[in-house]
Amino acid sequence: IQTTTRHYNFSRGLICVQEWWGVNSGILAHAEKLAKDFDAYVVVPDLYKGKIGVDKEEASHLMGEMDFARAAKEIGQVATHMKEDKKIEKVGTIGFCMGGALSLLGGCTSEDVDACVVFYGIPSGLDVEANVTKPVLANFGELDNLDGFSSKKDALELEEKLKKCSAAATCEVILYPGVGHAFMNAKPDPYESFEAREKSQGFVPYDETQANAAWKNVKIFFEKYL
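Following this note's numbering, the numbering of the sequence shown begins with 203 at its first residue and continues without gaps.
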C-alpha cells in the first residue's frame, strides 16, 4: 500500500484503485491530485503485490490471474483501517478501468465505504440493483470501445440498473463526448505516444477539457457525500 500524503488530521479518506497496468506513475499521479484537491488521506492498494504490466499482454495476464473477490475484500480492509486506525470519518473509493470495476465492487461490499466513483469499468457478476446501497458516480467516454466492460452501451445499461437500486437518488452515470477508454490519463504510458496507444488499443487521445470536466464532477460528488 502506498500513501500520497500526511498521516494525520483527516476527516475523509480516498482509496484510489489501479488500472490493469498496476501501481504505475499514472495511478500515483491521480492519487496525488486527489490528495491535493480534496485534502484527503489517499491510499493506493497494490493489488498486484509489486508487479507492473509493461505491455498490454502482461497487464492482461496480471489482471486475469488476480482474484477479484479477494481484491474487493482488500479494498474494504483498507477502508476499515482508515476508519478504525486513522479515525477518518468518511471513506470513498475511486478507480479507473479495472480499478473502476473494483471501486464499485469493493465499495458496495464494504460497510466502511461511504461513496464510490467509477471510471470506465463495470464488474461482472455484481447484482447492481440489490447491492448498490450508497452514492455512485460512474464516468464513461462515449467512444469507449471495450464492449461488455465500459462501452457506451454498458454505461447506459448500468444507468438503468442504478435507477432500480435503493440508492438511486444518489447515483449518476455521466457520458463524456469525444473521448473513449482511459480518457483521464494525461500521459500515454506505457506507450511512447497517444498515437501508438490508439494504434494498439483503439483509445482516442487525451482531451484535457473532458478530463477537467470529469475531475470537477468528482470533486462535487465527493464534497457532497464525504
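Heads up, the beta-carbon is just placed ideally off N, CA and C, and yes, glycines get one too.
Note that this is a predicted model, so its numbers are computed, not measured.
Delimiting residues of the alpha helix (DSSP H) encompassing residue i
i, result
"Y427", "410–427"
"N347", "From DSSP, N347 is part of no alpha helix (DSSP H); its letter is neither H nor E."
"E264", "It is worth fixing the name first, because residue 264 is Leu in this sequence and not Glu. 258–267 is the span of the alpha helix (DSSP H), which, as asked, contains L264."
"N226", "Note, N226: premise wrong, no alpha helix (DSSP H); not H, not E."
"A332", "330–333"
CB-CB length for residue i against residue j, believed under 8 Å
i, j, result
"T335", "C318", "Not a contact, Cβ separation roughly 11 Å."
"V430", "I217", "Since the first residue of the chain shown is 203 and the last is 428, residue 430 is not available in this structure."
First and last residue of the uninterrupted beta strand (DSSP E) at residue i
i, result
"F405", "Where F405 is concerned, there is no enclosing beta strand (DSSP E), given that its DSSP letter is neither H nor E."
"K365", "From DSSP, K365 is part of no beta strand (DSSP E); its letter is neither H nor E."
"I217", "214–219"
"C144", "There is no way to answer for residue 144, as the model of the chain reaches only from 203 to 428."
"V245", "243–246"
Residue i, buried or exposed, once every other Cβ within 10 Å from all chains shown has been counted against 16
i, result
"S326", "exposed"
"L307", "buried"
"G266", "exposed"
"P379", "exposed"
"V272", "For clarity, residue 272 is Arg in the given sequence; the question names Val instead. Classification for R272: exposed."
"K401", "exposed"
"V381", "buried"
"G252", "exposed"
Residues that residue i bridges to, as DSSP identifies them
i, result
"K288", "Paired residues: none, contrary to the question."
"F396", "The partner list for F396 (beta bridge, DSSP) is empty, contrary to what the question assumes."
"Y378", "G343"
"T295", "I217, C318"
Chain D contact for residue i (CB, 7 Å cutoff)
i, result
"K389", "Among the protein chains of the structure shown there is no chain D, as only one such chain exists."
Do three or more CB pairs link the region 350–363 to the region 415–425 at distances below 8 Å?
no
Can at least three beta-carbon pairs, one atom from the region 368–377 and one from the region 393–408, be found at a separation below 8 Å?
no
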